[in-house]
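Below is one structure; the comments refer to it alone.
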Amino acid sequence: MSEPVSALRGESYDGHIRVEEAGLRGMITVRGDLSSEAVARAVGEVSGVEVPGPNAANASDARGLCWMSPDELLLLVPHAEAGETLRRLSDALAGEHALVVDVSDARATFRLTGAPVREVLAKLTPADVSPGVFELGAFRRTRLAQVPAAIWMRDAQTAEVVCFRSVARYMFDLLATAARPGGEVGYF
Amino acid sequence: MSTRLATGGRLLNRRKQVGFTFNGRRLTGFEGDTLASALLAQGQALMGRSFKYHRPRGVVASGSEEPNALMNLGRGGRFEPNQRATTTELFDGLEASSQNHWPSLDFDVGEINASLSRFLPAGFYYKTFIHPRPFWKHVYEPFIRRSAGLGKAPKDRDVDRYEHFNIRTDVVVIGGGIAGLQAALTVARSGAEVLLIEQAAHWGGRAPVDGAVIDGRPADEWIAGAVAELEGMENVRLRLRTMGSGVYDHGYMLAYERVADHTLGDDRPRHRLWRIRARQIVTATGAIERPLAFAGNDVPGVMLASAVRDYVANWAVSPGDRTVIVTNNDDAYRTALALKAAGLEVPAILDARPSVSGGLVEEARKIGIRVEQGRGVAKVLGRKRVEGVAVCSQSGEGAVLEEIPCEAVAMSGGWSPVVHLWSHCGGRLRWDDSLCHFRPDADKAPTGADGQPVAVVVGAANGELHTGEILRDAAEGGATAARRLGREVEPQAASAEAEHANPMAPVWVMPQGAGHDLRAKMWLDFQNDVKVTDVQLAAREGFESVEHAKRYTTLGMATDQGKLSNINGLAVLAHTLNEDIPQVGTTTFRPPYTPISMGSIAGEARGELFQPVRRTPMHDWHEGNGATWEPVGHWRRPYAYPRPGESVHDAVQREVKTTRDSVGLLDASTLGKIVVKGPDAGRFLDMLYTNMMSTLKVGRCRYGLMCSENGFLMDDGVVARLSEDTWLCHTTTGGADRIHAHMEEWLQTEWWGWKVYTANLTEQYAQIGVVGPKARAVLEKLGGMDISADNFKFMDWADGELAGIPARVFRISFSGELSFEVAVPASRGREFWDLCLDAGREFGIAPYGTEALHIMRAEKGFIMIGDETDGTVIPQDLGLDWAISKKKDDYIGKRAQQREHMARPDRWKLVGLETLDGSTLPDGAYAVAEGTNANGQRITQGRVTSTYHSPTLGRGIAMGLVLHGPDRMGEVLDFPKVDGTVVQARIVDPVFFDKDGEKQNV
């Protein structure tokens, strides 16, 4: 055993949607003045995408940027590249007032797949996940039941949930409970 | 006897028979029945006993307002008390039993209370049982608890599941009667999103039973058409069995969906609580008929007139061959017509009004029903069931003019709009003199965040009682809701013919001049046994406010919250006070509309999901190795690792000895780790900590204290300087989130110009303490970093790799031993833990838990936040003056610590305590002084804050806060124990072990 392991090692559950731990992601927290051109340029160069607007993510596959707050972004890369990316971004931001830290291992990520994915989220979060509001590319920080989480609409039937690693088990059980057959609401 | 009619029943599916049990008796009904209709169809009119007098009670209503027919439902993990038979859909295998009786429903010993009723008036608890004092607890209360009460509390764990559902939508329409349907249609035509909910299992409310004709068609047809139209609209969602439970601030509301109450065990969630944020709420909640107050109005067989025709029309239930109608309005004539149409007898309609004609009255007369004007019921004949009525003149005192034999009485005192949801969050009411009810004041609606109205009320809920007006009002209300969303729509309503109605007459007591004996048999609140005389007594005794009268009499306090009784009760109160009803006002309407299940409130938060448990990367190892747990915040930390056959105490002692003698391993991952970076970070930390952090050298660590602005010590930990502008702050386990929030608050609200960023990295790392004389040897076996005594000194930190895993090593000690804390990425934490165990095997390495950690820190006199501090302790109390910088102008808490009270010389201060007999002091024990205080309590001079048996020293050691403690070294204090004995302990230095710190400096 000498590979990094995610909190639940890819555990999954098939209910009326599929819930699976999505494995380790490289995640880098960037705090800085997002309206500063220098910061935007540095982040853009290293991530390869434009800085997203509020409550949104710019990403393809495992790479991209997620908007966390007016002075915080989350940069996504494959897990193995996190260290190198951290160094490049730190260099690119040298001289700027910014904070760049690796949070890859502080998180757990879950992928939810299936048509009723919005319903499963709506059982757990007060955020508005209606079609038309929470659309492709929408990325929101909210809570699921009793823990903080970010939710991300990847496509019409796929959402991702990011939470703290220590509550990965709670989150998985929560999502699996919400996805249990029989609980279909038929609302959205 | 009530029975099933041969034909009819618009909600019944007679092809599907359903079996159920009542009090153990096997009975049958049909699909579509409610429990109440099925029981009535089986001749079971007696359904329960009343709360106080144990009077026999039958069903009064047909809906959620029912006060009497409360049942225990189900058994074991599905047992539920106080369920209304009228809203319980019948299903195969349903088990119901009646409540509040002993030994049986038919024969109840408690009924003796009824014969004592003149001695048990309102407020009797307060008056009678106040003296002698001890009797309340030992005699009266146990007796009353046995005799009064409704259902039993469930004893078993609920086997069903429940869930929440959060949505936002434009408009929620509450109520699926014709008003709700019309309003929903109107709003939906504007293009707005609509959710229409109905508490019952079918659409349409009572219009079909009342024979409404809409757009020239029977109501049923119009309803089916409206529902079909709504179902066909993309922007509309419809939900049956879903009750609007409460309206809260700014358009937030709760709806309670009874998903599987009628299909128990099909693995669907039993109830679903909808948490809805709506831009507009339309309440189309209808109206509830009021009872009349005449003597014996609670005898089984006396029902609301509307309920009687519901049972006939919806469920083909005859309430009895002969039903006498007693009323003060025209609506009850519909019941007479419905009964006649079903082939049943109506011996008389007793109309309290002196003269009526036209409309429904004329129809009744035309088919030969005897209509008696100016008449009322003097009293109901019969005890367990109606045998007849004694007729009197409404204007008189109750002289009996004639007795009419009958099996049922249908009463109507007029209609009260269901204003609950309108009123929950501030909607106002006005009194309507002609209809004798409170109706919503449309100009005073509950408001949203922008101060604009957030609700519209329509139909009967708005005080409109005729079909045509209901539909017109609903369409207009729908258009109003749409307009508030910026959408225009024509308020086009379905039409109905105008209805002729005689004005109703206010009748609050029947007959109006009834004497005390009759009034003492007139029930206002059936469930709580409150009579007209009780309310009058309350008024006489000075409980003039309606809220006071309610609490004194218990009027309206039962599970039905006075749905039937409130208006009648406050009318009687107003009359007794010689005031107008609007002057007396109503009690407060509070959610939920009807009781909702505790399960639905909890949602998924039960069992494993009751609370999140935070787990470190090594959690599974701890679990697999027998850890006993200590909850710290939401974390579970191993308390100790007892081996097979070993007690927890022995395990703790062993873990301490292993660590002191050789090497121990600690999972310290839960400690908070917050990075603080920026040009102003040093200045910021100097304000946050009592000591100086800006002078810390890169590569070094410093222990720091953090105080609240009131000066109290709130957290501590080791700070490491990572680079010129970056620090890493360790916090306590429970403090990580709180301290991070504390930092952000100061940065965002006070020092927003300072260039500082923070990030909470607590979970990024698994942090493992390798502690003990052999600690260095273990890490050197892993290899990769120079951690030699010469090159890696106490309070140094360094980045590197250990066994090929990226690691940051801190040489810090909370045990007094040679100690390294190693932070590795969480994804490799378990791997590193296992490597340490392997490398340490030759030294007998053992993991240790929080209790061993505590003992070792106490042996060294280190304080623990939460033990030595409790929110009232300042660092100076703990002898931590060395950690308070004298050089700084300011830090958070500095000014507070200069207050007179904080600077007093007589604050209790930290010392060590050593028992003379070597025993362990009880935690929290007080040291007593001579004398007593003004309250006669023993004067104290100190208390124990931490106490352990030290395996290292072989005796009990403790820390405590003692008056002038540090100046009293060697003195002996008395600590009384709860068993009456006293332990004596000597005041000593709090550092019990290795005072010179030789063990950690190797």
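Protein chains in written order, with my numbering: chain W, 5 to 192; chain U, 383 to 1384. The beta carbon of each residue, even a glycine, is placed where N, CA and C say it ideally should be. Remember, predicted model here, so these are calculated numbers, not experimental data.
Using a Cβ-Cβ cut-off of less than 7 Å, give me the residues of the segment 12-31 of chain W that come near chain U, in sequence order. Per Cβ criterion, the list reads 28.
C-alpha gap between residue 1263 of chain U and residue 1072 of chain U, whole angstroms: In this structure, the alpha-carbon of residue 1263 of chain U lies about 9 Å from that of residue 1072 of chain U.
With 8 Å as the threshold, decide whether the Cβ of residue 546 of chain U is near any Cβ in chain W. It does: the Cβ of residue 546 of chain U has a partner Cβ on chain W nearer than 8 Å.
First and last residue of the uninterrupted beta strand (DSSP E) at residue 463 of chain U: Judged by DSSP secondary structure, residue 463 of chain U falls within the beta strand (DSSP E) whose first and last residues are 462-466.
What is the DSSP secondary structure of residue 727 of chain U, counted as helix, strand or coil? Residue 727 of chain U: strand per DSSP, three-state reduction.
When the Cα atoms are used, what is the spatial distance from residue 129 of chain W to residue 1321 of chain U? So the alpha carbons of these two residues sit roughly 53 Å apart.
Count Cβ pairs between the segment 651-667 of chain U and the segment 928-945 of chain U that sit closer than 8 Å; are there 3 or more? Touching, no.
Do you know how far the Cα of residue 96 of chain W is from the Cα of residue 1223 of chain U? Between residue 1223 of chain U and residue 96 of chain W, the C-alpha separation is close to 46 Å.
By DSSP, does residue 1133 of chain U sit in helix, in strand, or in coil? Note: residue 1133 of chain U maps to coil in three-state DSSP.
Going along the chain, which residues of its own chain have a beta-carbon closer than 7 Å to the beta-carbon of residue 1060 of chain U, five neighbours each way excluded? Contacts found: 1107, 1137, 1138 and 1139.
Is the Cβ-Cβ distance between residue 790 of chain U and residue 685 of chain U less than 8 Å? With respect to the 8 Å criterion, residue 790 of chain U and residue 685 of chain U are classified as neighbours on the basis of their beta carbons.
For the ligand NAP, is there any heavy atom lying closer than 7 Å to the beta carbon of residue 455 of chain U? Summarising the ligand content, the structure contains no ligands, and the ligand NAP is consequently not present.
In whole angstroms, what is the alpha-carbon distance linking residue 22 of chain W and residue 76 of chain W? Straight through space, the alpha carbons of residue 76 of chain W and residue 22 of chain W are spaced by roughly 31 Å.
Closer than 8 Å to chain W by CB, residue 1101 of chain U: Interface flag for residue 1101 of chain U against chain W is unset, since no Cβ pair is found closer than 8 Å.
Looking only at its chain, what residues have a beta carbon closer than 7 Å to the beta carbon of residue 550 of chain U, apart from the 5 residues adjacent to it on each side? Here the set comprises 659.
Does DSSP classify residue 76 of chain W as helix, strand or coil? In this structure, DSSP gives residue 76 of chain W an extended state, which the three-state scheme calls strand.
Extent of the continuous alpha helix (DSSP H) run through residue 1174 of chain U: Per DSSP, residue 1174 of chain U is not a residue of any alpha helix (DSSP H), being assigned neither H nor E.
Does chain W have any CB closer than 8 Å to the CB of residue 1209 of chain U? The C-beta of residue 1209 of chain U comes closer than 8 Å to at least one C-beta of chain W.
For the segment 583-598 of chain U against the segment 847-854 of chain U, are there 3 or more C-beta pairs whose distance is under 8 Å? In the pairwise beta carbon analysis, the segment 583-598 of chain U is classified as touching the segment 847-854 of chain U: at least three pairs are separated by under 8 Å.
Per-residue DSSP class, three states only, for residue 1342 of chain U: Collapsing the DSSP output to three states places residue 1342 of chain U in a strand.
Within 10 angstroms of the Cβ of residue 947 of chain U, are there 16 or more other Cβ atoms? Answer buried if so, exposed if not. Buried, by the Cβ-count rule.
Kindly list the residues whose CB is nearer than 8 Å to the CB of residue 1189 of chain U, restricted to its own chain and excluding five residues on each side of it in sequence; keep chain order. Spatial neighbours of residue 1189 of chain U in its own chain (CB-CB distance under 8 Å, excluding positions within 5 residues in sequence) are listed in chain order as 1166, 1167, 1181, 1182, 1183, 1204, 1205, 1206 and 1214.
Kindly give me the distance between the Cβ atoms of residue 773 of chain U and residue 678 of chain U, rounded to whole angstroms, as I take these residues to be in contact under 8 Å. Their Cβ separation, rounded to whole angstroms, is 13 Å, which puts residue 773 of chain U and residue 678 of chain U out of contact at 8 Å.
Residue nearest to residue 366 of chain U in terms of C-alpha spacing, selected from U/1133, U/769 and U/1144: The requested residue 366 of chain U does not occur in the structure, where chain U is confined to residues 383 to 1384.
Against chain W, does residue 550 of chain U count as a neighbour if the rule is that its beta carbon must be under 8 Å from one of theirs? Proximity of residue 550 of chain U to chain W, defined by a Cβ-Cβ separation below 8 Å, is satisfied.
In chain order, what residues of the same chain have a beta carbon less than 8 Å from the beta carbon of residue 643 of chain U, not counting five sequence neighbours either side? So the list reads 470, 471, 623, 652 and 653, once near-sequence residues are dropped.
When you check each C-beta in the segment 157-187 of chain W against every C-beta of chain U, which residues fall closer than 9 Å? Under the 9 Å Cβ criterion, the segment 157-187 of chain W contributes 168, 169, 170, 171, 172, 173, 174, 175, 177, 178, 181, 182, 184, 185, 186 and 187.
So with CB distances below 8 Å, who are the chain W contacts of residue 1060 of chain U? In chain order, 101 and 103 make up the part of chain W whose C-beta sits under 8 Å from the C-beta of residue 1060 of chain U.
Using a Cβ-Cβ cut-off of 8 Å, state whether residue 9 of chain W counts as contacting chain U. Taking Cβ atoms only, chain U reaches closer than 8 Å to residue 9 of chain W, which makes this a yes.
Closer than 7 Å by C-beta to residue 83 of chain W: which residues in its own chain qualify, once you throw out the five before and the five after it? Chain order, please. The beta carbon of residue 83 of chain W sits closer than 7 Å to those of 8, 28, 29, 30 and 108, all from its chain and outside the five residues before and after it, given in chain order.
From what residue to what residue does the beta strand (DSSP E) around residue 16 of chain W run? Looking at the DSSP string, the run of the beta strand (DSSP E) that includes residue 16 of chain W is 16-18.
Counting Cβ pairs, one atom from each stretch, are 3 or more of them under 8 Å apart for the segment 986-1003 of chain U and the segment 141-160 of chain W? With a cut-off of 8 Å, the segment 141-160 of chain W and the segment 986-1003 of chain U count as touching, because enough Cβ pairs lie within range.
For residue 41 of chain W and residue 57 of chain W, what's the separation of their Cα atoms in angstroms? Linking residue 41 of chain W to residue 57 of chain W through their CA atoms gives a straight-line distance of about 15 Å.
With a cut-off of 8 Å, does the C-beta of residue 95 of chain W fall near any C-beta of chain A? Here the protein chains are W and U, and chain A is not one of them.
Would you grab the beta carbon distance between residue 173 of chain W and residue 466 of chain U for me? Rounded to a whole angstrom, and I think it's under 8 Å. Separation of the CB atoms of residue 173 of chain W and residue 466 of chain U is rounded to 40 Å, and the pair is thereby denied contact status at 8 Å.
Can you pull the chain W residues whose beta carbon is under 8 Å from the beta carbon of residue 1163 of chain U, in chain order? What residue 1163 of chain U touches in chain W: nothing, since even the nearest Cβ is about 17 Å away.
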